[in-house]
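Trainee:
As structure tokens, then:
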């Protein structure tokens with residue numbers, strides 16, 4: 057009985073924006089303390105429950121959470137829900153109502169695509185292997201942009217720091233095969249680029265914001281790596297890595313010079329750059345600057361020492 061109630065509470069949260077503990081206690085004939093205990097059990101199992109304190113608060117599920125629904129197409133879902141709802145109008149059956157609630161919850165989270173199509177051009181918003189999660193995340197951001205709603209996010213930055221932030225999304229940016237959102241960050245009190253792949257969780261709020269005019273020319277592409285210095289890098293590229301390097305930096309930044317291929321670009325001077333270059337093995341050789349060459353040599357020595365340790 058406990059797990060049946062927990063499952064039904066999960067579907068309640070998926071099908072509604074927010075549910076109160078008192079509502080759940082009354083609906084399932086349990087006390088409020090038991091509701092909180094069930095919610096804690098769900099969180100321990102990995103369900104991303106979002107708790108809002110104070111008057112008007114309650115429990116909800118982050119908007120990027122999904123349930124699998126690949127056994128039905130969106131049209132099948134719509135038709136099934138419509139038919140069951142019409143039938144339930146006359147019967148008012150509790151089991152049927154529960155089934156409708158569950159189907160609506162699945163539909164809400166599963167069919168949130170983010171594909172851009174125009175003529176012969178198709179842009180798929182998700183990475184390879186992604187089915188729904190990444191697209192749902194983009195769809196949530198797009199909804200906040202369209203409706204001027206603040207978004208609570210859990211963000212993993214390039215240095216591994218995890219922060220909770222409230223942002224005001226203004227535009228989505230597609231650059232070098234990756235999606236970014238340009239948003240005003242309430243934590244930093246400034247506009248920032250956020251890589252959508254680094255957003256671990258996103259929850260739409262009911263708080264609205266006044267959108268500022270943002271055009272392409274206003275976006276700070278020259279200072280793309282906010283808070284990170286950039287350096288001018290030159291690398292010799294072996295033919296075995298030519299295609300991958302062109303995808304990374306763009307073909308216009310990889311040229312043949314004196315019989316060898318050389319890539320030149322301004323890149324962020326951080327540990328991420330060292331890891332990226334080393335991932336190419338002996339396919340890339342840093343020519344300049346010396347400071348970057350020294351960092352890579354130090355990293356190689358650390359790896360050598362690690363595997364020499366007995």
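In our numbering, the protein residues as written are 57 to 366. For each residue, glycine too, the CB sits at the ideal point set by N, CA and C. A quick note: this is a predicted structure, and the numbers were derived from the prediction, not measured.
1) At which residues does the alpha helix (DSSP H) containing residue 100 begin and terminate?
2) Measure the alpha-carbon distance for residue 351 versus residue 305 and round it to whole angstroms.
3) Please check the pair residue 293 and residue 330, which I expect to be a contact at CB under 8 Å, by giving their CB distance rounded to whole angstroms.
4) Which stretch, first to last residue, makes up the alpha helix (DSSP H) that contains residue 358?
5) Strictly by DSSP, which residues pair up with residue 227?
6) Going by DSSP in three states, residue 67 sits in which element: helix, strand or coil?
7) Could you give the distance in angstroms between the alpha-carbon of residue 61 and the alpha-carbon of residue 226?
8) For residue 262, count neighbouring Cβ atoms within 10 angstroms of its own Cβ and tell me buried if that reaches 16, exposed if not.
9) Since residue 119 contacts residue 256 with CB under 8 Å, what's their CB separation in whole angstroms?
10) Using the Cα positions of residue 346 and residue 291, report the straight-line distance between them to the nearest angstrom.
11) Would you identify the three-state DSSP class for residue 339, choosing helix, strand or coil?
12) In terms of DSSP beta bridges, what is residue 286 paired with?
13) What residue does the alpha helix (DSSP H) around residue 301 start on, and which one ends it?
14) Measuring straight from C-alpha to C-alpha, what distance separates residue 187 and residue 193?
15) Report the option in 206, 241, 251 and 309 whose CA atom is closest to the CA atom of residue 260.
16) Using DSSP's beta-bridge definition, name the partner residues of residue 108.
17) Quick check: what's the CA-CA separation for residue 267 versus residue 96?
18) Strictly by DSSP, which residues pair up with residue 246?
19) What is the DSSP secondary structure of residue 316, reduced to helix, strand or coil?
Mentor: Let me lay it out:
1) Where residue 100 is concerned, the enclosing alpha helix (DSSP H) stretches over 88-100.
2) Residue 305 has its alpha-carbon roughly 21 Å from the corresponding atom of residue 351.
3) About 17 Å; that fails the 8 Å criterion.
4) Residue 358: member of the alpha helix (DSSP H) spanning 346-364, first to last residue.
5) Among the bridge pairs identified by DSSP, residue 227 is matched with 238.
6) Residue 67 falls in the helix class under three-state DSSP.
7) Straight-line Cα distance between these residues: approximately 40 Å.
8) Exposed.
9) Actually they are not in contact, since the Cβ atoms of residue 119 and residue 256 sit about 13 Å apart, beyond 8 Å.
10) Between the alpha carbons of residue 346 and residue 291 lies a distance of about 12 Å.
11) For residue 339, the secondary structure class from DSSP, reduced to helix, strand or coil, is helix.
12) In the DSSP output, where bridge partners are listed per residue, residue 286 has 324.
13) Residue 301 -> alpha helix (DSSP H) spans 298-305.
14) Below a pLDDT of 50, predicted positions are generally treated as unreliable, and residue 187, at 46, falls in that range; no measurement from the model is reported.
15) The candidate whose alpha carbon is nearest that of residue 260 is 206.
16) Per DSSP, 114.
17) For the pair residue 267 and residue 96, the Cα-to-Cα distance works out to about 37 Å.
18) In the DSSP assignment, the residues bridged to residue 246 are 241.
19) If DSSP states are grouped into helix, strand and coil, residue 316 belongs with the strands.
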